[in-house]
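Residue numbers (this note's numbering): 236 to 463.
Notes follow the structure.
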Ligand code: NDP
């Protein structure tokens, strides 16, 4: 019986940790990346025989490539999940530009760098899929301006991933972007709408069902379509 192999970035907490837990519960093989590998006995993923740690900062492209070189098995699903909200000062009228650049490096450039590094593994899958956790806050359809560095970095990653979808379609690799909901994590805060388990289940369902027919699209966590 063939099993699914998934790589998720940022599995040490938040939505990424919950996706790793749920993927393991499905019997999948999980590669999970974190900046620092923490043996958290409460996480129920460390020490699981089908969980494999990868240690890299997603902005360190050399480290990402070397992690990719350490794996030989095919990867069916890559989920670019790691992300940051960006600097304290991020208004168009008062911008921490270094912080803006960092948000861009983590939220926009890193998903592409990780996708490139693991493309050879994805190409060896019979059903390769790349999903990037973006945000509805990056949608160009509304003009809200708070947290503009974050919004811009997510708008940009949608464009980058839309382009990647176009370029990878002839190779049979499906690429999608998604909004995970407003989720009760360190980033989303305690007042957010849904818990990480609900969000993670929605994302994994989209990942399971993604085919070339749905490539290049922006999805909400519940599977509905979102405007860019
Ligand atoms: P958390 O803040 O809870 O977790 C963020 C994760 O990203 C952590 O694992 C963190 O690792 C990792 N990360 C951050 N920077 C780096 C880096 N440079 N290299 C490697 N890993 C890094 O956030 P969420 O779980 O809520 O968010 C997950 C994704 O969902 C993000 O892309 C976010 O933008 C998106 N999102 C979240 C929403 C929400 O309401 N929560 C809403 C819309 C989108 P570390 O512990 O090392 O910092």
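C-beta: ideal position from N, C-alpha, C; glycine also.
What residue range does the alpha helix (DSSP H) around residue i cover?
| i | result |
| --- | --- |
| residue 403 | 383-403 |
| residue 433 | 431-444 |
| residue 422 | Note, residue 422: premise wrong, no alpha helix (DSSP H); not H, not E. |
| residue 418 | Counting along the chain, residue 418 falls outside any alpha helix (DSSP H), and DSSP gives it neither H nor E. |
| residue 349 | 345-358 |
| residue 334 | 332-339 |
Please classify residue i: does DSSP put it in a helix, a strand, or coil?
| i | result |
| --- | --- |
| residue 463 | coil |
| residue 314 | strand |
| residue 293 | coil |
| residue 375 | coil |
| residue 257 | helix |
| residue 265 | strand |
| residue 301 | helix |
| residue 252 | helix |
| residue 447 | helix |
Flag residue i as yes if its beta-carbon sits less than 9 Å from any beta-carbon of chain C, otherwise no.
| i | result |
| --- | --- |
| residue 368 | This model lacks chain C altogether, as it is built from one protein chain only. |
With DSSP as the reference, please indicate the residues paired to residue i in a beta bridge.
| i | result |
| --- | --- |
| residue 247 | DSSP lists no partner for residue 247. |
| residue 280 | BP columns for residue 280 are empty, so no partner. |
| residue 242 | 266 and 313 |
| residue 323 | Residue 323 pairs with nothing; no bridge assigned. |
I need the boundaries of the beta strand (DSSP E) containing residue i, first residue and last residue.
| i | result |
| --- | --- |
| residue 342 | Unbroken run through residue 342: none, as it is neither H nor E. |
| residue 365 | 364-368 |
- Item | Three or more C-beta pairs below 8 Å linking the segment 430-448 and the segment 239-259 | Contact check between the segment 430-448 and the segment 239-259: three or more CB pairs, one atom from each, fall below 8 Å, which counts as touching.
Exercise. May I ask you to verify whether the segment 362-373 touches the segment 300-318, counting CB pairs closer than 8 Å and requiring at least 3?
Key: With the cut-off at 8 Å, the segment 362-373 and the segment 300-318 touch.
### Message
Whether or not the segment 407-418 and the segment 426-434 are in contact is what I'm after, with contact meaning three or more pairs of Cβ atoms, one per stretch, closer than 8 Å; do they touch?
### Response
They touch, by the three-pair rule.
ask   = Between the segment 323-334 and the segment 368-377, are three or more C-beta pairs nearer than 8 Å?
value = Result no; under three Cβ-Cβ pairs closer than 8 Å.
- request: Give a yes or no on contact between the segment 262-269 and the segment 286-300, applying the rule of three or more CB pairs nearer than 8 Å.
  value: Cβ pair count under 8 Å is three or more, so yes.
- Message: Does the segment 337-349 come into contact with the segment 403-410, if we say contact requires no fewer than three beta-carbon pairs (one atom in each stretch) closer than 8 Å?
- Response: When Cβ pairs closer than 8 Å are counted between the two stretches, the segment 337-349 is seen not to touch the segment 403-410, the count staying below three.
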